[in-house]
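Numbering (this note's numbering), first residue to last: 4 to 203.
Glycine included, C-beta positions come from ideal geometry on N, C-alpha and C.
Each remark here refers to the structure printed beneath this line.
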Amino acid sequence: MKKILFLHGFFATGSCPMARALKEAFEGTAVVLTPDLPLHPKEALKEIRSIIDREQPDLLLGNSCGSFLAQMLAPVVGIPALLGNPYFMMTEFLKERIGEHEYKAPRRDGNQRLVIDEALIEEFAELETVQFDNCNPYYKDRVWGLFGEQDTLAHFSPLFLEHYNQAFHFPGGHTPTEQEVKTWYAPLAQKMLMEFSANF
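Put into structure tokens, the structure is as follows:
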């Protein structure tokens, strides 16, 4: 059975509504892995690499910050990726939200608290400068973008199209509803699973 590795957004977790909707949409046809990702992006990238080595997924599917991470990894690990509302400039998002916050869904380790500070912003800033370094012609058609027309947070469709060819739009916001996940995300993910194979 094919495997999809879902990378959630910044305030989300592996048990968020989007993760649940993906599992429901692919029940019986594909395994959807929905880990809780570490807050710090370098740690998150390391964790994702180790999951990929262990599970060998066929597709990366990210949303928002998860798409930022998926885009950097896809050409390196040889796995196609679907980027939902990719947030390529996470520093802009974080600078306006310095302080203590809570995750929007339960985490498996029970920790619901997160802190946005200068060190975290600096770490994202470092990655932003190199995020497209591994883009290559082979991946121009193997990384797809899905953009919500009502997204008021991330507006990175033009930047995405500087590097990749396949951009799609759906009539939703930054965080898709469970129904939007099933109507837009799942069919595109299914199409990618049929068209491409991971290069392990």
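| request: Pull up the distance between the alpha-carbon of L156 and that of Y90, whole angstroms please. | output: The residue given as residue 156 occupies position 153 in the sequence shown. The residue given as residue 90 occupies position 87 in the sequence shown. Their backbone Cα atoms lie some 8 Å apart in a straight line.
| request: Could you spell out the range, first to last residue, of the alpha helix (DSSP H) harbouring G31? | output: As a position in the sequence shown, residue 31 is number 28, starting the count at 1. Unbroken run through G31: none, as it is neither H nor E.
| request: Evaluate the contact criterion for the segment 138-158 versus the segment 46-54: three or more CB pairs, one atom per stretch, below 8 Å. | output: no
| Sequence-distant residues of the same chain with beta carbon closer than 6 Å to K185, five excluded per side | To locate residue 185, count along the sequence shown from 1; it is residue 182. Cβ within range, chain order: A24 and A28.
| Taking all protein chains shown into account, do 16 or more other C-beta atoms lie within 10 angstroms of the C-beta of F9, making it buried, or fewer, making it exposed? | Position 6 of the sequence shown, counted from the start, is the residue given in the question as residue 9. Flag for F9 reads buried.
| Where DSSP assigns a beta bridge to Q169, which residues make up the other side? | Stepping through the sequence shown from its first residue, residue 169 is reached at position 166. Paired residue(s): W147.
| query | From E198 to L62, what does the alpha carbon distance come to, in whole angstroms? | reply | Within the sequence shown, residue 198 is the residue found at index 195, counting from 1. Within the sequence shown, residue 62 is the residue found at index 59, counting from 1. The straight-line gap from Cα to Cα measures roughly 11 Å.
| Cβ shell of E126 (< 7 Å), same chain only, five flanking positions each side left out | Locating residue 126 in the sequence shown gives position 123, counting from the first residue. Here the set comprises H43, P44 and K45.
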